[in-house]
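Counting in the numbering used here, the sequence shown runs from 1 upward without gaps. Here the structure comes first, spelled out in structure tokens, and everything after it is commentary.
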Amino acid sequence: MQLSSVRLQRFRACRDTTVEFASDITVLVGENASGKSAVIDALRLATFPASGRQTAWFAADRDLDRRESPGVQVEVTARYGELTEVEKAVYLAELLDAHGDLIYTTSFATNPEVPRRSVTSWSVSGSRAEDPEPALRRRISHVYLPPLRDAVRDLDGGDQTQLHDVLRILINSDHDVESDFLDAANNALEGVAKHPLAVNTSKAIQGFFTQTTPPNREHLIGLNQQDLDLRRIARLLRIQLAEQGIDLGDVASTGLGYANLLYISMIVLQLVKAKDSDLTLLLVEEPEAHLHPQLQLVLLDFLRTQAASSGTPAAGAPEGAQTSGKVQVIVTTHSPVLASTVSIEKIVVIARDEDTKDWSTRATALSKLGLAPAARRKIDRYLNSTRAALLFARDVILVEGVAEMLVLPALATFHLNGSDIPEDEAKKRLRQFRSATIISVEGVDFEPYLQLLLAGEHPRVDRVVVVTDRDHTGAGDVRKTTYETNFPRAYADGRLHVTVGGTTLEAELFRETGNEQLLQNAFKVLHPKSDHHWKNVLDAVDGKSPDERAEGFAAAIRRTSADDGPYLDISKGDFAHLVADAIEESTGKEGSTLTVPAYLREVVDAAAHAAPDRTA
Numbered sequence: 001m002q003l004s005s006v007r008l009q010r011f012r013a014c015r016d017t018t019v020e021f022a023s024d025i026t027v028l029v030g031e032n033a034s035g036k037s038a039v040i041d042a043l044r045l046a047t048f049p050a051s052g053r054q055t056a057w058f059a060a061d062r063d064l065d066r067r068e069s070p071g072v073q074v075e076v077t078a079r080y081g082e083l084t085e086v087e088k089a090v091y092l093a094e095l096l097d098a099h100g101d102l103i104y105t106t107s108f109a110t111n112p113e114v115p116r117r118s119v120t121s122w123s124v125s126g127s128r129a130e131d132p133e134p135a136l137r138r139r140i141s142h143v144y145l146p147p148l149r150d151a152v153r154d155l156d157g158g159d160q161t162q163l164h165d166v167l168r169i170l171i172n173s174d175h176d177v178e179s180d181f182l183d184a185a186n187n188a189l190e191g192v193a194k195h196p197l198a199v200n201t202s203k204a205i206q207g208f209f210t211q212t213t214p215p216n217r218e219h220l221i222g223l224n225q226q227d228l229d230l231r232r233i234a235r236l237l238r239i240q241l242a243e244q245g246i247d248l249g250d251v252a253s254t255g256l257g258y259a260n261l262l263y264i265s266m267i268v269l270q271l272v273k274a275k276d277s278d279l280t281l282l283l284v285e286e287p288e289a290h291l292h293p294q295l296q297l298v299l300l301d302f303l304r305t306q307a308a309s310s311g312t313p314a315a316g317a318p319e320g321a322q323t324s325g326k327v328q329v330i331v332t333t334h335s336p337v338l339a340s341t342v343s344i345e346k347i348v349v350i351a352r353d354e355d356t357k358d359w360s361t362r363a364t365a366l367s368k369l370g371l372a373p374a375a376r377r378k379i380d381r382y383l384n385s386t387r388a389a390l391l392f393a394r395d396v397i398l399v400e401g402v403a404e405m406l407v408l409p410a411l412a413t414f415h416l417n418g419s420d421i422p423e424d425e426a427k428k429r430l431r432q433f434r435s436a437t438i439i440s441v442e443g444v445d446f447e448p449y450l451q452l453l454l455a456g457e458h459p460r461v462d463r464v465v466v467v468t469d470r471d472h473t474g475a476g477d478v479r480k481t482t483y484e485t486n487f488p489r490a491y492a493d494g495r496l497h498v499t500v501g502g503t504t505l506e507a508e509l510f511r512e513t514g515n516e517q518l519l520q521n522a523f524k525v526l527h528p529k530s531d532h533h534w535k536n537v538l539d540a541v542d543g544k545s546p547d548e549r550a551e552g553f554a555a556a557i558r559r560t561s562a563d564d565g566p567y568l569d570i571s572k573g574d575f576a577h578l579v580a581d582a583i584e585e586s587t588g589k590e591g592s593t594l595t596v597p598a599y600l601r602e603v604v605d606a607a608a609h610a611a612p613d614r615t616a
């Protein structure tokens with residue numbers, strides 16, 4: 001069994017939001033206040049806590065959609081699929097739909113006159129029939145791990161609840177193992193009670209106590225062990241932790257990060273060994289708390305592996321044997337590191353559908369975008385921890401290479417600070433530009449990334465700006481037409497802007513004679529003894545038109561040898577750093593000759609939301 005989807009109706013900002021889940025692990029990504037926690041809280045309300053201790057309650061004044069009036073119902077509908085034959089038999093009375101999936105709807109009354117005990121009700125199937133077997137709902141449970149949890153307190157507390165739960169799970173129903181363990185503990189404590197120190201202590205107390213009682217009411221004192229049950233033994237034990245090669249010590253001494261990993265490991269151990277539930281949802285909010293990036297990667301891989309392997313019969317088990325509990329992990333995160341660890345097939349983007357007071361939460365499972373397998377694999381390989389930031393961004397600038405990524409921010413600052421718009425407006429636009437995520441696709445194939453950002457029913461971004469070169473073949477113009485045709489809705493509503501330059505960034509800067517000295521200075525820093533190469537380029541373009549200047553410079557940096565003509569050996573990344581430094585030094589200075597190429601001014605204005613609105 002697996003949770004296939006959940007539909008939230010009138011729950012907080014989720015007016016009518018459906019979230020689809022992968023069978024093992026699903027990562028919910030999105031900006032702050034987009035609705036990720038609402039999805040988690042809805043699942044906490046719609047399923048039973050595995051511990052039996054409820055930690056989430058419905059409150060109409062908080063959980064009812066702010067656009068609705070009290071009296072309407074809030075509903076959370078969970079759909080479970082992939083039931084085994086055994087599970088189908090167990091839930092037979094509740095499988096009323098032809099599709100064979102199990103559907104539970106939890107409804108919450110919001111009328112303040114409804115008694116508290118009657119606020120929550122349950123139904124089954126798409127027809128909302130009365131649940132014929134309410135007890136079965138408890139076979140689907142959840143464990144919730146909140147953000148910034150105090151794992152040290154939970155692991156090192158006096159009651160040692162986590163340790164006791166692990167012991168109980170491992171013992172299962174093996175009474176012989178439990179009996180042997182309890183006997184060993186009690187025998188050990190009996191030996192302590194017979195130690196000479198304990199005996200002498202008893203005698204000393206007896207001597208003083210005897211003097212306080214009359215002879216005919218004399219009492220005897222003894223130090224004997226207390227019979228221990230499993231919970232008392234757990235309280236006597238302490239989990240300790242240390243890096244290999246170091247003596248064990250208190251959990252707190254290793255830091256919050258490793259304490260969190262230990263805590264999560266113990267939770268997962270209990271879940272995968274348990275047989276009380278057919279399905280347990282492990283709901284983890286912001287697991288990156290207290291963990292550096294490498295530990296985040298290890299943690300998510302661990303959760304994915306354990307979830308994928310849970311619910312399967314043990315090796316050699318007889319056919320039809322009861323399996324261990326199926327675990328399904330649902331994670332919320334702000335961390336690009338975590339988002340880059342899993343395939344996009346495991347990612348659901350949670351976003352606002354519009355930036356107005358009436359915004360609503362929308363969820364897009366990236367597995368449902370219709371990406372071809374080759375495109376999906378390309379994106380999976382591409383999304384490292386830096387580039388995965390595009391999954392969280394509302395504004396994205398896609399560029400071909402590292403040069404544009406490094407130089408564009410400096411050009412934006414220069415352009416907006418030097419524009420003739422009021423200073424306050426310039427600062428506002430610059431702040432908007434800086435909120436955009438600039439991503440280098442290391443090539444010219446923007447299509448998979450545009451699909452990732454723009455495909456699907458619900459908008460997930462406010463603006464995507466594509467910056468591409470025309471190239472001498474005119475391929476850039478073809479790309480522009482293709483993208484605007486393939487994403488007509490995004491183009492029409494102004495979310496997609498495709499800007500085509502000329503040859504290449506460096507050549508387009510060289511097109512303007514006022515930029516010549518800045519570029520020359522950068523080249524001289526890169527190659528102090530290559531002035532003659534730069535002079536050869538200048539001689540070749542002397543008296544030429546701007547187009548010829550740009551083409552001549554582009555040809556020079558394409559060549560691999562001076563034997564074929566003017567030749568400039570530039571490392572695009574190193575050269576771009578130097579050019580960006582020079583642009584930053586020119587910003588705000590009077591008399592600067594720097595000119596921002598027209599197509600890059602268009603890019604900056606589009607990313608700063610200063611471009612004309614096509615819907616106007």
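Glycine residues also receive a C-beta, built at the ideal position from the N, C-alpha and C atoms. Fair warning: this is a prediction, and the values are worked out from it, not measured in the lab.
message: My parser needs the alpha helix (DSSP H) runs of 4 or more residues fully inside the region 486-528; what are they?
response: Counting only runs of at least 4 residues, the region 486-528 fully encloses the following alpha helix (DSSP H) elements, listed from N- to C-terminal order: 488-492, 505-511, 516-526.
Sequence-distant residues of the same chain with beta carbon closer than 7 angstroms to D165, five excluded per side: Same-chain partners within the cutoff: Q270.
message: Using a Cβ distance threshold of 8 angstroms, determine whether the region 269-283 contacts the region 240-253, with at least three qualifying pairs required.
response: By the Cβ test, the region 269-283 is not in contact with the region 240-253, since fewer than three Cβ pairs between them sit closer than 8 angstroms.
field: Between the CA atoms of T84 and D24 - distance to the nearest angstrom
entry: Between the C-alpha atoms of D24 and T84 there is a straight-line separation of about 16 angstroms.
message: Y80 and S127 - do their beta-carbons sit closer together than 8 angstroms?
response: No. Outside cutoff.
message: Measuring alpha carbon to alpha carbon, tell me which residue in T485, E506, V402 is nearest R558.
response: If you compare the alpha carbons of T485, E506, V402 with that of R558, the shortest gap goes to E506.
- prompt: According to the Cβ coordinates, are R460 and L450 closer than 8 angstroms?
  reply: Annotated as distal: R460 and L450, with beta-carbon spacing of 8 angstroms or more.
- prompt: If you compare alpha carbons, which of K572, G552, L228 is closest to G565?
  reply: Ranked by how close their Cα comes to the Cα of G565, the residues K572, G552, L228 have G552 in first place.
message: Restricting to Cα atoms, I'd like to know which of F21, V466, L295 is closest to L256.
response: Measuring C-alpha to C-alpha distances from L256 to each of F21, V466, L295 identifies L295 as the nearest.
message: By alpha-carbon positions, which one of R116, E133, P115, V402 ends up nearest to S123?
response: Sorting R116, E133, P115, V402 by C-alpha distance to the C-alpha of S123 places E133 at the top.
task: Consult DSSP for W359 and reduce its assignment to one of helix, strand or coil.
output: Coil, per DSSP.
- prompt: Excluding sequence positions up to five away, which residues of its chain have a Cβ less than 6 angstroms from the Cβ of K617?
  reply: This structure cannot speak to residue 617, because the chain is shown only from 1 to 616.
query: Going by C-alpha distance, which of F108, P112, E113 is nearest S121?
result: Closest by alpha carbon: F108.
Three-way DSSP call (helix, strand, coil) for V466 in this model: DSSP places V466 in strand when its eight states are reduced to three.
message: Is it buried or exposed, Q54, if we count other Cβ atoms within 10 angstroms and call 16 or more buried?
response: Burial check for Q54: the Cβ neighbour count within 10 Å stays below 16, so the residue is exposed.
query: Which residues in the same chain as V579 place their Cβ atom closer than 6 angstroms to its Cβ, once the five residues preceding and following it in sequence are excluded?
result: Closer than 6 angstroms at the Cβ level, and outside the excluded window around V579, lie V407, A522.
query: Is I583 helix, strand or coil when you go by DSSP?
result: I583 falls in the helix class under three-state DSSP.
- prompt: Would E113 be called buried (16 or more neighbouring beta carbons within 10 Å of its own) or exposed?
  reply: With fewer than 16 other beta carbons inside 10 angstroms of its own, E113 counts as exposed.
task: Keeping to the same chain, check which residues put their C-beta closer than 6 angstroms to that of V466; ignore five residues upstream and five downstream.
output: The beta carbon of V466 sits closer than 6 angstroms to the beta carbons of L398, F446, V498 from its chain, once the five residues preceding and following it are set aside; these are given in chain order.
- prompt: Do you know how far the Cα of L189 is from the Cα of L220?
  reply: Rounded to whole angstroms, L220 to L189 spans 21 angstroms at the Cα level.
- request: Provide the residue span of the alpha helix (DSSP H) that contains T161, from first to last.
  value: T161 -> alpha helix (DSSP H) spans 161-171.
- prompt: Is DSSP giving W534 helix, strand or coil here?
  reply: Judged by DSSP in its simplified three-state form, W534 adopts helix.
query: Mapping DSSP to helix, strand and coil, what is G81?
result: DSSP, read as helix, strand or coil, puts G81 in strand.
message: Can you check which of these residues, L167, Y104, W534, is closest to R138 by C-alpha distance?
response: With distances taken between Cα atoms, R138 lies closest to Y104.
task: Identify, in the order they occur along the chain, each residue of the same chain with its Cβ nearer than 7 angstroms to the Cβ of A556, setting aside the five sequence neighbours on each side.
output: Only V537, P566, Y567, L568 meet the Cβ criterion.
message: One question on the structure: do G502 and A550 come within less than 8 angstroms of each other, judged by their Cβ atoms?
response: For the pair G502 and A550, the CB atoms are nearer than the 8 angstroms cut-off.
task: For the region 374-443, list the alpha helix (DSSP H) runs that are entirely contained and at least 4 residues long, ordered along the chain.
output: Counting only runs of 4 or more, we get 402-417, 423-434.
query: Is the beta carbon of A274 sitting closer than 8 angstroms to the one on I171?
result: No, the pair does not count as a contact, with Cβ atoms beyond the cut-off.
- prompt: What's the gap between the Cα of P196 and the Cα of K203?
  reply: About 10 angstroms.
query: With distances taken between CB atoms, is the gap from R10 to D61 smaller than 8 angstroms?
result: No; because the gap between Cβ atoms is not below 8 angstroms, this pair is not in contact.
message: Can you look up F302 in the DSSP assignment and give me helix, strand or coil?
response: Of the three classes helix, strand and coil, the one that applies to F302 here is helix, per DSSP.
message: Quick check on P287: buried or exposed, where buried means 16 or more other Cβ atoms within 10 Å of its Cβ?
response: With 16 or more other Cβ atoms inside 10 Å of its own Cβ, P287 counts as buried.
query: So S69 is in the beta strand (DSSP E); what residue range does that whole segment cover?
result: Here S69 belongs to no beta strand (DSSP E), and DSSP marks it neither H nor E.
query: Sorted by chain position, which residues of the same chain lie with C-beta nearer than 6 angstroms to V152's C-beta, five sequence neighbours on each side aside?
result: Excluding residues within five positions, the ones whose Cβ falls inside 6 angstroms are V251, A252, A259.
- request: Could you tell me if L95 is buried or exposed, where buried requires 16 or more neighbouring beta carbons within 10 angstroms of its beta carbon?
  value: Answer is buried; the Cβ neighbour count reaches 16.
field: Beta-bridge partners of G249, as assigned by DSSP
entry: L241, per the DSSP bridge assignment.
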